[in-house]
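Each residue of the sequence shown is one higher than the one before, starting from 1 at the first, in full-length UniProt numbering.
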Amino acid sequence: MGSAVKHKLLLIEDDLPLAELIVDFLEAEEFIVIHAESIEDAFTKSQGQNIELVLCDVMLPGQDGFSAFPTLSKKVPAPIIFMTALAAPEDEIFGLELGAADYISKPVVPNLLLARIRARLSRQPSPQSNSQIWEQDGLILHKAHQQLCFADQNYPLTTQETELLWVFVHHLEQVLSREFLFEQIIGREYDGLDRAMDLKISRLRRKLENIGIPGLAIRTVHGRGYLLSFATDEI
């Protein structure tokens, strides 16, 4: 069992006894947990980490989880689950409408939390053991060969198209900000003016439309960024 891949989670929780309980429980279940006590602390500790899921309290010191959600989802492009004492239906609706992947009311039931985490992670794609190949539901991206494959058809891609699509498929169904994509692809911080990334995305979007794989599309999420969706129910 020691060779199994461990998922990395970010826990944002200022209640230290509760945080310690959650960390100990999840680490016993073979997760790697990075704990932060505030949103600012989370930004610092998540840098350079491949976070796969965020557990975020709402009532935090400094900026609260709800107001931080737009920035948090840009800086840490992973599904966010709110975990909070705000149990009123209107609070849950508000959190989900912000874009949260799930909403868990406190007190936290460890086994229920574990089930929610596993359910969310099971919907996310993971790279194959060969790091140059990504596959999900019959859709295959060969990074080294610069090919997208589906239904026994191979579609050649340019180097730039491959690099951009590689980032998107590893964050499937997640909104990625222009800033995040710019840093990943261009390799430097976005200055707020350069439109090079918009042009690259536009070209890749047209390419995918021309290829015509059912359910595969890049969507614009106004005010937040871009999302690659692969709706297998359209196949």
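Here a beta-carbon is modelled for each residue, glycine too, at the ideal position from N, C-alpha and C.
Shown here for His171: same chain residues with a beta carbon closer than 7 angstroms to its own, the five before and five after excluded, namely Pro77 in chain order.
CA-CA distance, Pro61 to Glu13, rounds to 10 angstroms. In the structure shown, Thr220 adopts extended strand secondary structure according to DSSP, grouped into three states. In summary, Leu176 is buried, with 16 or more beta-carbon neighbours lying within 10 Å of its beta-carbon over all protein chains present. Between the C-alpha atoms of Pro89 and Leu96 there is a straight-line separation of about 11 angstroms.
For Asn50, no beta strand (DSSP E) run applies, since DSSP gives it neither H nor E. The Cβ atoms of Ser105 and Ala87 sit closer than 8 angstroms to each other.
Within the UniProt DNA-binding region "OmpR/PhoB-type" (131-230), the runs of beta strand (DSSP E) that reach at least 3 residues and sit entirely inside it are, in chain order, 133-136, 139-142, 147-150, 153-156, 216-221 and 225-230. The residues Trp134, Leu141 and Lys143, in chain order, have a CB closer than 8 angstroms to that of Trp166 in the same chain once the five nearest residues on each side in sequence are set aside.
The C-alpha of Ser67 is placed about 21 angstroms away from the C-alpha of Ala19. The stretch 143-158 makes no contact with the stretch 36-47, as fewer than three CB pairs between them are under 8 angstroms.
Under a 10 Å Cβ-count criterion, Gly65 is classified as buried, with 16 or more other Cβ atoms of the shown protein chains found around its own Cβ.
Residue ranges of uninterrupted beta strand (DSSP E) with 3 or more members, entirely inside the stretch 3-88 and ordered along the chain, are 8-12, 32-36, 53-56 and 80-84. When DSSP reads this structure, Ser105 sits in a beta bridge with Thr84. Taking the Cα of Gln160 as reference, the smallest distance to any Cα among Asn154, Glu173, Gln153 and Leu181 is reached at Leu181. Across the set Ser229, Leu139 and Leu164, the C-alpha of Leu139 shows the shortest separation from the C-alpha of Gln153. Non-local C-beta neighbours of Glu189 in its own chain, meaning closer than 7 angstroms and more than five positions away in sequence, comprise Glu183, ordered along the chain. For Leu10 and Leu121, the gap between their C-alpha atoms comes out near 13 angstroms. Considering only Gly99, Glu27 and Gln132, the residue with the shortest C-alpha distance to Gly223 is Gly99. The C-beta distance from Lys200 to Ile185 rounds to 7 angstroms, short enough to fall under 8 angstroms. In this chain, the alpha helix (DSSP H) harbouring Arg118 covers Pro110 to Ser122.
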